[in-house]
Structure formats: structure tokens, C-alpha cells
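Okay, so the sequence shown: first residue is 2 according to our numbering, each after it adds one.
In what follows, a structure is listed as C-alpha cells, so that the remarks can point back to it.
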Amino acid sequence: MLLKTCILSGCDYLQSIKGVAFKTAVKLMKDAEGNINEIFHILNSSEKYNFDFNRALLTFKHQVVYDIKQKKQRYLSPLPDDFPFDKSFLGDILDNDLSHGISSGLVDPDTHKPFSDKLASDLT
């Protein structure tokens, strides 16, 4: 319920509905017993907002992360079999060597090219 409350009050992935800050979001979640569809109804929110809210929720739950133990990228939590969207908005899963280089600070995340040899040798 906390994650939904935080998204409802506004986050990096979705602006809040005007007048819904954290305190109001908490009250709405309590009154609706966490039923987000009921909250959408109460707020008379748009279909676009409802869609974007659900994408934000999925992003927080399943975004691509770098697993330092496995030395590769993976989803933060496994995607359900009936995942309703194109998963590209969660982030790209890159080649293991590339993602390790980026996570180690050896490779530029935008260009995918190694940083200078001096910097690379300093970091290893």
C-alpha cells in the first residue's frame, strides 16, 4: 500500500493529480482500503492517468537492475507470465560484459565506449 500511496502523491514516473499530496494520498488509500480502482473513481482520474499509474507501479516493481552477484542485469522481481505491456519501458537488458563495464564505471552508459585507459586501470 505504501508504494501505491507514494505513486499517487507524485513520483519520478508520474506527477500527482492536483491537490493530492502525500497526506491526501494516505487518506484515500485508507478510505478505499488500498483499492486503487476505487481511488481512480473517487478522483475521477483520466484513463491516461490510470494507465500511467499502473506503468509506474510496474516500473518500481520490475525495473532492470544490475545484479552484482550474478554480474548481469535482471528484472528487480520476476515478470508475471501475463505481463500486460511491452516491457521496454522497464529498461534494456544489455549484454553481460557491457552491463558489467557500465556498472563498474569502465564504460560510458550512453556511448557504450570504454572511458580512458587510465581511468579504466585506476578502477580495476
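Glycine included, C-beta positions come from ideal geometry on N, C-alpha and C.
Pairwise C-alpha distance: residue j and residue i
i    : j    : result
C12  : K114 : 32 angstroms
I40  : I94  : 34 angstroms
K19  : S46  : 11 angstroms
A33  : L77  : 28 angstroms
A26  : V65  : 27 angstroms
K28  : I37  : 12 angstroms
S104 : D82  : 28 angstroms
T112 : D98  : 15 angstroms
Beta-carbon gap between residue i and residue j smaller than 8 angstroms
i   : j   : result
M30 : K5  : yes
S17 : Y67 : no
K70 : L80 : no
Closest Cα partner of residue i within the set the options
i   : options                 : result
K73 : D82, F52, D96 and T60   : D96
I43 : L99, F86, V21 and H63   : V21
F61 : F23, I103, G92 and G102 : G92
S10 : L3, M2 and F23          : F23
M2  : D82, G35 and D98        : G35
CB-CB length for residue i against residue j, believed under 8 angstroms
i   : j   : result
I8  : F54 : 6 angstroms
F90 : R56 : 6 angstroms
Same chain, Cβ closer than 8 angstroms to residue i, neighbours up to 5 away in sequence not counted
i    : result
F86  : R56 and L59
F116 : G106, L107, V108 and D109
Y14  : I8, D53, R56, A57, T60 and F61
Residue i: CB within 7 angstroms of a non-hydrogen atom of the ligand MN
i   : result
K88 : The ligand MN is not among the ligands present in this structure, which contains no ligands whatsoever.
Neighbourhood of residue i by C-beta distance below 6 angstroms, restricted to the same chain and skipping five residues each side
i    : result
G102 : V108
R75  : D68
Residues near residue i in its chain [Cβ-Cβ closer than 7 angstroms; skip 5 each side]
i   : result
H63 : Y76, L77, S78, L80 and L91
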